[in-house]
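Have a look at the structure below before the remarks.
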Amino acid sequence: MDGFSGLLHGFGVALTWHHILLMVIGVLLGILVGVLPGLGAPNGVSLLLPLTFTMDPVAAIILLTSMYWGALFGGSTTSILFNIPGEPSSVATTFDGYPMAQNGRATEALSFAFLSAGFGAIVGVLLITALSGWVTQFALKFSSPEFFGVYFLAFASFVGLSGAPPLKAAVSIALGFSLAAVGMDSVSGSLRLTFGFDVLLAGISFLVAVIGLFGIGELILTIEDGLKLDGIRAKITPRDVLRTAMQMPKHWATLLRSSIVGCWMGITPGGPTAASFMSYGLAKRFSAYRANFGKGEPDGVIAPETADHSAGTSAMLPMMALGLPGSATAAVMLGGLMIWGLNPGPMLFVERPDFVWGLIASMYLGNVVAVVLVLATVPLFASILRIPFAIIGPLIVVVCFIGAYTIAGRPFDLWLALAFGVLGYAFKKLDYPIAPLILAMVIGDKAEDAFRQSMIMSKGSLAIFWSNPLVTSLMLLGLVLLFWPLLGALRQRLRPSRA
Amino acid sequence: MTRRLGMALGFLAAGMAGAAAQGWQPTKPIEFVVTSSPGGGTDNFTRMIQSIIMKYKLIDQPIVVSNKGGGSGAEGYLVSKTAAGDPYKVIFGTNNAYLLPYVAKLGYKFSDLTPVAALALDEFLLWVKADAPYKTAKDYVEAVKAKPETYKMGGSQSKDTDQTLTSILSTVTGAKFIYVPFQGGGAVGTQLAGGHVNSHTNNPNESIGQWKAGQVRPLCVFSPARLPAGPKVTETAGWADIPTCKEAGIPVERFQMPRTVWLPAGTPPGAAQFYEGVLKKVSETPEWQEYITRTVQTGQFLSGDSLKAFVANDDKLSREVFEREGWIVK
Numbered sequence: 003m004d005g006f007s008g009l010l011h012g013f014g015v016a017l018t019w020h021h022i023l024l025m026v027i028g029v030l031l032g033i034l035v036g037v038l039p040g041l042g043a044p045n046g047v048s049l050l051l052p053l054t055f056t057m058d059p060v061a062a063i064i065l066l067t068s069m070y071w072g073a074l075f076g077g078s079t080t081s082i083l084f085n086i087p088g089e090p091s092s093v094a095t096t097f098d099g100y101p102m103a104q105n106g107r108a109t110e111a112l113s114f115a116f117l118s119a120g121f122g123a124i125v126g127v128l129l130i131t132a133l134s135g136w137v138t139q140f141a142l143k144f145s146s147p148e149f150f151g152v153y154f155l156a157f158a159s160f161v162g163l164s165g166a167p168p169l170k171a172a173v174s175i176a177l178g179f180s181l182a183a184v185g186m187d188s189v190s191g192s193l194r195l196t197f198g199f200d201v202l203l204a205g206i207s208f209l210v211a212v213i214g215l216f217g218i219g220e221l222i223l224t225i226e227d228g229l230k231l232d233g234i235r236a237k238i239t240p241r242d243v244l245r246t247a248m249q250m251p252k253h254w255a256t257l258l259r260s261s262i263v264g265c266w267m268g269i270t271p272g273g274p275t276a277a278s279f280m281s282y283g284l285a286k287r288f289s290a291y292r293a294n295f296g297k298g299e300p301d302g303v304i305a306p307e308t309a310d311h312s313a314g315t316s317a318m319l320p321m322m323a324l325g326l327p328g329s330a331t332a333a334v335m336l337g338g339l340m341i342w343g344l345n346p347g348p349m350l351f352v353e354r355p356d357f358v359w360g361l362i363a364s365m366y367l368g369n370v371v372a373v374v375l376v377l378a379t380v381p382l383f384a385s386i387l388r389i390p391f392a393i394i395g396p397l398i399v400v401v402c403f404i405g406a407y408t409i410a411g412r413p414f415d416l417w418l419a420l421a422f423g424v425l426g427y428a429f430k431k432l433d434y435p436i437a438p439l440i441l442a443m444v445i446g447d448k449a450e451d452a453f454r455q456s457m458i459m460s461k462g463s464l465a466i467f468w469s470n471p472l473v474t475s476l477m478l479l480g481l482v483l484l485f486w487p488l489l490g491a492l493r494q495r496l497r498p499s500r501a
Numbered sequence: 011m012t013r014r015l016g017m018a019l020g021f022l023a024a025g026m027a028g029a030a031a032q033g034w035q036p037t038k039p040i041e042f043v044v045t046s047s048p049g050g051g052t053d054n055f056t057r058m059i060q061s062i063i064m065k066y067k068l069i070d071q072p073i074v075v076s077n078k079g080g081g082s083g084a085e086g087y088l089v090s091k092t093a094a095g096d097p098y099k100v101i102f103g104t105n106n107a108y109l110l111p112y113v114a115k116l117g118y119k120f121s122d123l124t125p126v127a128a129l130a131l132d133e134f135l136l137w138v139k140a141d142a143p144y145k146t147a148k149d150y151v152e153a154v155k156a157k158p159e160t161y162k163m164g165g166s167q168s169k170d171t172d173q174t175l176t177s178i179l180s181t182v183t184g185a186k187f188i189y190v191p192f193q194g195g196g197a198v199g200t201q202l203a204g205g206h207v208n209s210h211t212n213n214p215n216e217s218i219g220q221w222k223a224g225q226v227r228p229l230c231v232f233s234p235a236r237l238p239a240g241p242k243v244t245e246t247a248g249w250a251d252i253p254t255c256k257e258a259g260i261p262v263e264r265f266q267m268p269r270t271v272w273l274p275a276g277t278p279p280g281a282a283q284f285y286e287g288v289l290k291k292v293s294e295t296p297e298w299q300e301y302i303t304r305t306v307q308t309g310q311f312l313s314g315d316s317l318k319a320f321v322a323n324d325d326k327l328s329r330e331v332f333e334r335e336g337w338i339v340k
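Protein sequences appear in the order of chains A and B. Take any residue in the first sequence, note its place counting from 1, add 2, and you have its number in my numbering. Take any residue in the second sequence, note its place counting from 1, add 10, and you have its number in my numbering.
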């Protein structure tokens, strides 16, 4: 069964009251776990997993995926309102979403985020529908050198333009790399940088770092700026939501580019977090209002959100077709698939078309349900900003620490979050960029593994990165993006001489 | 703590005269610690047991599953140290429970664990890409011997079962591979299907989908006897059609990975027996049989002396490899 007929069959499976009710429940639960930093989609889904043991697989996967969509939307909410990313993949949303909220444009920022997220998700599902037969072949072309190429591309597209002094960006990246290296090294199987402390065995959770660097660091800054005791006065009407929706078509270029980046990263699979960073970097590079990025530029919200969601949805395809999870949440669902008695892999499409196409159809419906539900709650969420800081500040601290504790249930993570809070404060005071550190923490480890696996394969020859057209074009594209600022400067210098 | 436990035990003994013979009973929620991340083989093993216990109400208390897969699972086994004597922490793993402390300097020793039971043995097979020219395992090994250190063997981690088996294979046959560690059996499977490595030693469950789809095919199984015949996996072949490696001319008699359950050391007397009893019942349910058949493992319930003997033997075999490869940390 292929493409269109499969999809129609899928809608037949997914469109029952029972399933739609499950979607609504899943999305609402998801928004809840997404709003709480640290809890996040992977934890939420694994908490819900035991409940699905007795359900039929289609209903179970609809519940879990709907929760995933809800969590992705919820994660953007806190990024924009409090500068605390509820999900790792919504870190990039804070860069412009939070300044927008600070300037009294919270409703606009939230609506932009949700609408572009919905757009990204739908593009992702359309892609899955169209490519379901072909993508498995493409994904099989990826080995360690190609993966390194993808991560290199993500780094290059983001780093070349961070705007900060190159040396400071390098310090930030180096710190991120070393933090990512803590724990068991999967290539050599030995422990690194744990200094004999058992608590460091599992490595430093990226989420704890994010909660500290953003949430707590931001609070310390706010307190230093003098306690502004009243909240932001923002008039919120449901009409604002509608007005923002009307503006969406103007951002078609960003939407399109970010969807492509997202789908690419979801399928390859580089993951939604890398996708959102990369897409933000590209949006900044191609924008006419580049100077406005980081100060509340709508494109800076639209780009990461679109990419995040299109990556999140398209990551379901490698999960089903190859048993290769493209995100942490997909990994949890993969476990679910096996418990329900399904074998993920190329044959899943042939053996259980009702499951596969039911899931794909539910992704269309689930995302529409999710967008409607979250848009309806925008005024509610945005009005949180009107609560005075004296009340909301302590609440944020509590939520941050609960979040940090929930990740792994380790008291040590609380101290770590506090330490990262201080680090985040210092970074901002000394004008060091935080984003490169986060990026290095997220994909530094994977990039390193991919590089070393490639080196083992080629017995130490770098030529492996030029060994086939795919990896060569990835590396070339990465190099071009990395040196883009230099090329730009060169062009400017050449132009007067030609005249 | 112990007094409260004693009191609880007293209550139970008074309340349930019939159950008095069973001794220790749980009186609060139990945590199942998984020594792998979500989605891995150990995770499936644990959650399957949890779902069977829930279905048949084998334990009256709620069960929470938590994943502590950091440091190749060491994070989970460390619970035995941090929660020493706590009978409400049940640890689920493999043979890495006793092998990990050899290869990494960790905060726990094997003696910090109380063995409860092993429920299954996961099998290892030698897989190659479906269109590879080798008919038999012997053919493949000869090809590798002809060109040492050019053939790539993919594995799911470093210094774990896959690399140990690769090392044994090299020593026994003289074929030298390049071992490339990836993250997990799923990733390794995809690498072989894409032709980026030449072979791997995945468990049946990790590669059944790709075998069915005609992307990879097994050459032999590292088991003393052929796998049980089930429904055909591909058009022409089923698990029982795969020769044992010994039949195929590779003198490796047996290499299997036990799926094990542990408690911290120093738990109250009777706690280990309680869980052993529950797990025994789990292993006799049709759902468990279905899981074993579907994942093509060998269902074998080991506890007490049989478990000790298995561990001692497995430990000796692996230790020899670790010493030869120089993996042991001082």
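By construction, the Cβ of each residue, glycine as well, lies at the ideal position given by its N, Cα and C atoms.
Given that residue i touches chain A, what residues does it touch there, using C-beta distances under 7 Å?
| i | result |
| --- | --- |
| residue 54(B) | 337, 340, 341 |
| residue 206(B) | 145 |
| residue 169(B) | 191 |
| residue 113(B) | 191 |
| residue 203(B) | 142 |
Determine the direct distance from the alpha carbon of residue j to that of residue i, and round the result to whole angstroms.
| i | j | result |
| --- | --- | --- |
| residue 28(A) | residue 117(B) | 40 Å |
| residue 148(A) | residue 33(B) | 58 Å |
| residue 3(A) | residue 443(A) | Note that residue 3(A) has pLDDT 46, beneath the 50 cutoff, so the model's placement of it is unreliable and no number is given. |
| residue 232(A) | residue 225(A) | A caution first: residue 232(A) carries a pLDDT of 48, below 50, which makes its placement in the model unreliable, though a value can still be read off. If you take the alpha carbons of residue 232(A) and residue 225(A), they lie about 13 Å apart. |
| residue 273(B) | residue 96(B) | 8 Å |
| residue 112(B) | residue 450(A) | 25 Å |
| residue 552(A) | residue 115(A) | With chain A covering 3 to 501 only, the question about residue 552(A) has no answer from this structure. |
| residue 17(B) | residue 208(A) | With a pLDDT of 47 at residue 17(B), under the threshold of 50, the modelled position of that residue is not reliable, and the figure given next carries that caveat. The alpha-carbon atoms of residue 17(B) and residue 208(A) are separated by roughly 44 Å. |
| residue 209(B) | residue 224(B) | 15 Å |
| residue 289(A) | residue 321(A) | 34 Å |
| residue 43(B) | residue 99(B) | 7 Å |
| residue 122(A) | residue 337(B) | 47 Å |
| residue 11(A) | residue 92(B) | 52 Å |
| residue 118(A) | residue 152(B) | 57 Å |
Check the Cβ of residue i against every Cβ in chain B and list those closer than 7 Å, keeping chain order.
| i | result |
| --- | --- |
| residue 381(A) | In chain order: nothing, as chain B lies at least about 36 Å away. |
| residue 200(A) | 88, 117 |
Run down chain B in chain order and give the residues with a C-beta less than 8 Å from the C-beta of residue i.
| i | result |
| --- | --- |
| residue 333(A) | 47, 48, 49 |
| residue 411(A) | 76 |
Say whether chain C places a C-beta atom closer than 8 Å to the C-beta of residue i.
| i | result |
| --- | --- |
| residue 43(A) | The structure shown contains no chain C; its protein chains are A and B. |
What does DSSP give as the partner residues of residue i in its beta bridges?
| i | result |
| --- | --- |
| residue 388(A) | According to DSSP, which records beta bridges pairwise, residue 388(A) is partnered with nothing at all. |
| residue 77(B) | 44(B) |
| residue 194(A) | 185(A) |
Could you list which residues in chain A have their beta carbon closer than 9 Å to that of residue i, in chain order?
| i | result |
| --- | --- |
| residue 61(B) | 52, 55, 56, 341 |
| residue 265(B) | Correct list: empty, because the minimum Cβ distance to chain A is about 19 Å. |
| residue 193(B) | 188, 448, 451 |
Using a cut-off of 8 Å between C-beta atoms, extract the partners of residue i located in chain A.
| i | result |
| --- | --- |
| residue 190(B) | 146, 455, 458, 459 |
Along the segment 48-73 of chain A, where does the CB come closer than 8 Å to a CB of chain B? Name the residues.
Along the segment 48-73 of chain A, the positions whose C-beta sits under 8 Å from a C-beta of chain B are 48, 51, 52, 55, 56, read in chain order.
Got a sec: which bits of the segment 139-159 of chain A sit with their beta carbon under 8 Å from any beta carbon on chain B, in order along the chain?
141, 142, 143, 144, 145, 146
Touch check for the segment 79-87 of chain A and the segment 263-281 of chain A: three-plus C-beta pairs under 8 Å?
The count of Cβ pairs closer than 8 Å, one atom from the segment 79-87 of chain A and one from the segment 263-281 of chain A, stays below three, leaving the stretches out of contact.
Which of the residues in the segment 80-107 of chain B, read from start to end, lie with their CB under 7 Å from any CB of chain A?
80, 81, 82, 84, 85, 88
Is the segment 61-77 of chain B touching the segment 251-271 of chain B, taking contact as three or more C-beta pairs under 8 Å?
no
For the 8 Å Cβ check, are there 3 or more pairs between the segment 64-76 of chain A and the segment 13-26 of chain A?
Touching, yes.
With 8 Å as the limit, tell me which residues of the segment 448-476 of chain A have their beta carbon closer than that to any beta carbon of chain B; keep them in chain order.
451, 455, 458, 459, 461
Whether or not the segment 303-314 of chain A and the segment 452-465 of chain A are in contact is what I'm after, with contact meaning three or more pairs of Cβ atoms, one per stretch, closer than 8 Å; do they touch?
no
Give me the subset of the segment 180-204 of chain A whose CB atoms are less than 8 Å from a CB atom of chain B, sorted by chain position.
Near chain B, meaning a CB-to-CB distance below 8 Å, the residues of the segment 180-204 of chain A are 185, 186, 187, 188, 189, 190, 191, 192, 193, 198, 200, 203, 204.
Give the residues from the segment 129-162 of chain B that approach chain A closer than 7 Å (Cβ to any Cβ), ordered along the chain.
162
Just by C-beta distance, which residues in the segment 295-308 of chain B are closer than 7 Å to chain A?
304
Is it the case that the segment 109-129 of chain A contacts the segment 245-253 of chain A, given that we only count it when at least three CB pairs across the two stretches are under 8 Å?
yes
The segment 142-156 of chain A / the segment 198-216 of chain B touching (three or more Cβ pairs under 8 Å):
yes
For the structure I just gave you, are there three or more beta carbon pairs, one from the segment 47-56 of chain B and one from the segment 29-36 of chain A, closer than 8 Å?
Segments in contact, no.
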